[in-house]
């Protein structure tokens, strides 16, 4: 998903590796996007084969040449990084590649395919940097283009019998509820303008009966909508999860070898989140738009000035949300990645508990799990702080 670009400056995306040995390919994706070739991991994964042992610097330069990028490998000291043409790829920890985005004084801004966006001091970076960097620049045959494969909504949902009819029923119930909700103030206005002025008892009786009937109808429609939403969510999730599991168990064995069990488990559990977004949240968004449009139309009838103020406030809120989105997305990715690592460590511990007991290394395993648990909670704390500030701005 692309983020909004408020300025004309180029932006370096953050691409996370999905396989344990494709850090080099992920770095190549980031560099290609920086220079104007909009691509992604699945596209480059199909074009260039990489071994389960990862990618060497020579292989990385060959793949870069394959997409029209010329490379220059240099050996340098840590203090000379600012003299490089940034962004560039750094060799990291003797077995990893990262992208150096910026050098800010004595701190480095790094896009790590495994850990995300991190900022390190020169002293901390010296513990990881091996002294080898790779600069990439567009060659004469380089062309800026978009070769990403689009994923359509139908590909995600598949054939789900009854999906459209169930969503249509929910929308009808919700629209009826909104009409009744917007109609209640009109009856209250009628009481103030007509009943109180003319002291019309018969009209008051009619309005009271109408309000009672509207309240009863709202309650019944609300129950019907909630039940339809529950039915849709359960049926859709069951069918979709079954298809995903069927697809999962028929994938090649090499696919499982390239990914950790925790990552696979986290991705499978994410089906619920995606399903929730495609059903409940999409419907809520449609209904919110209908409610806002209807409310604005009614406000225009009463006060165009107040309507303008409301529209300006909504635009201001939208700008704040757009500015906040990259940080929220980054924190969510970090929390998900940390949770997947902890889950994978836990599953591997359960699978190898007999070997751990025999070799007497349970204490070491426990300490490693505790570190992963703390890392996950730290990412969740950062995410919670951002959400807290976001909620304050929302109110």
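In UniProt numbering, the protein residues as written are 1 to 395.
Glycine included, every Cβ here is placed at the ideal spot set by N, Cα and C.
Taking residue 241 as reference, the option from 267, 304 and 225 with the minimal CA-CA separation is 267.
In the displayed model, residue 304 falls within a helix according to three-state DSSP. DSSP places residue 391 within a helical segment (H, G or I) once states are collapsed to three. For residue 19, same chain residues with a beta-carbon under 7 Å away, outside a window of 5 residues either side, are 258 and 259 in chain order. Annotated three-state conformation of residue 113 is coil, per DSSP.
Residue 87 is positioned such that its CB atom lies closer than 7 Å to that of residue 12. According to the DSSP secondary-structure assignment, residue 72 is paired through a beta bridge with 135. Under DSSP, residue 331 shares a beta bridge with no residue. Separation of residue 77 and residue 287 (C-alpha to C-alpha, rounded to the nearest whole angstrom) is 58 Å. By the neighbour-count criterion, in which a residue is buried when 16 or more other Cβ atoms sit within 10 angstroms of its Cβ, residue 342 is buried. The C-beta separation of residue 71 from residue 134 comes to about 6 Å, placing the pair in contact by the 8 Å criterion. Here residue 150 carries a coil assignment [DSSP, helix/strand/coil]. For the 7 Å CB-CB criterion, residue 103 and residue 82 form a contact. In the DSSP annotation of this structure, the continuous segment of the beta strand (DSSP E) that includes residue 102 starts and ends at 96 to 104. The Cβ atoms of residue 97 and residue 110 do not sit closer than 7 Å to each other.
Cβ-Cβ separation between residue 231 and residue 174: approximately 15 Å, too far for a contact (criterion under 8 Å).
Assignment of residue 140 by DSSP, reduced to helix, strand and coil, places it in the coil class.
Judged by DSSP in its simplified three-state form, residue 247 adopts helix. In the three-state scheme derived from DSSP, where H, G and I count as helix and E and B as strand, residue 48 is classed as coil.
Residue 32 and residue 145 have their C-alpha atoms some 10 Å from each other.
With a contact defined as Cβ atoms closer than 8 Å, residue 280 and residue 215 miss out at about 25 Å.
By the CB criterion at 7 Å, residue 44 and residue 25 fall inside the cutoff.
Residue state for residue 66 is assigned as helix, using DSSP reduced to three classes.
Taking each of 68, 22 and 122 in turn and checking the Cα distance to residue 46, the smallest one comes out for 22. Under the DSSP assignment, residue 89 falls in the beta strand (DSSP E) whose first and last residues are 88 to 92.
Boundaries of the alpha helix (DSSP H) harbouring residue 272: 261 to 276, taken from the DSSP string. Between the region 335 to 351 and the region 367 to 381 there are three or more C-beta pairs closer than 8 Å, enough to call the two in contact.
No Cβ-Cβ contact shorter than 7 Å links residue 27 with residue 48. Nearest to residue 108 by C-alpha distance, out of 367, 190 and 79, is 79. Counting along the chain, the unbroken alpha helix (DSSP H) around residue 124 starts and ends at 122 to 125. Between residue 118 and the set 384, 331 and 356, the nearest pair of CA atoms involves 331. A distance of 7 Å or more separates the beta carbons of residue 391 and residue 116. The beta-bridge partner set that DSSP reports for residue 37 consists of 145.
DSSP places residue 382 in the helix class (H, G or I) of the three-state scheme. One Cα belongs to residue 388, the other to residue 382, and the distance between them is close to 10 Å.
For residue 143 against residue 68, the beta-carbon gap comes to about 7 Å, under 8 Å, which counts as contact.
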